[in-house]
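Asks: For the sequence shown, the numbering used here assigns the number 21 to the initial residue and increments by one for each residue that follows.
Let me begin by handing over the structure; questions about it come next.
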Amino acid sequence: MSKEKANNTFRNQLWRHFRIDLNLHVMRHLAGKIILDQDPSAMELVRILLDHRRIETTQSYYAEVNAIIAQHRYLHLLERSQRSVLAKVNFNIVEDHACRNTG
């Protein structure tokens, strides 16, 4: 079976059974990400799994993925912190009748 046919079959089955649209390339890297999340020292295992010739290829890809994840996590924490602070603030907004235009 060709790579293209295998990829199409995989995508069709995944969509039919789970309504998820992922291809084999994404799944390969997802497997690598899962391994590294469990054991960050397993970079060589991931290199072999993904059939990268050089460890630097694997390292650079996962450094980029981890940077994106770190940015998302930071934004989530920042938003949560903002909500927490705003929940504690009493803005005490009172209309100043003296400044109101009565004319």
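Backbone N, C-alpha and C define an ideal beta-carbon position, used for all residues, glycine too.
Here the structure is a predicted model, which is why all the values come from computation and not from measurement.
Count the other CB atoms within 10 Å of the CB of V66; is the residue buried (16 or more) or exposed (fewer)?
Replies: Here residue 66 refers to the residue found at position 46 when the sequence shown is read from its first residue. By the 10 Å Cβ count, V66 comes out buried.
Asks: Does the Cβ of T29 have 16 or more other Cβ atoms within 10 Å, making it buried, or fewer, making it exposed?
Replies: Counting from 1 along the sequence shown, the entry for residue 29 is found at position 9. Answer is exposed; the Cβ neighbour count stays below 16.
Asks: What do you reckon, are the CB atoms on T78 and M63 nearer than 8 Å?
Replies: The residue you call residue 78 lines up with position 58 of the sequence shown. The residue you call residue 63 lines up with position 43 of the sequence shown. It is a contact, given that the beta carbons lie within the stated cut-off.
Asks: Could you tell me which whole alpha helix (DSSP H) segments of length 4 or greater appear in the stretch 26-72?
Replies: The stretch 26-72 contains these whole alpha helix (DSSP H) runs: 44-58, 63-70.
Asks: In angstroms, rounded to a whole number, what distance separates the CA positions of A51 and V114?
Replies: What you label residue 51 is simply residue 31 of the sequence shown in a count that begins at 1. What you label residue 114 is simply residue 94 of the sequence shown in a count that begins at 1. Roughly 57 Å separates the two Cα atoms.
Asks: From Y82 to K53, what distance separates their C-alpha atoms?
Replies: In the sequence shown, counting from the first residue as 1, residue 82 sits at position 62. In the sequence shown, counting from the first residue as 1, residue 53 sits at position 33. Those two C-alpha atoms are separated by around 7 Å.
Asks: Take P60 as the anchor and find which of N86, A26, M21 has the nearest alpha-carbon.
Replies: Taking the first residue of the sequence shown as position 1, residue 60 is located at position 40. Looking at the Cα atoms, N86 is the closest of the given residues.
Asks: Could you say which of L42, R36, H49 lies nearest to S80 if we only look at CA atoms?
Replies: Taking the first residue of the sequence shown as 1, we reach residue 80 at position 60. Taking only the C-alpha atoms, the option nearest S80 is H49.
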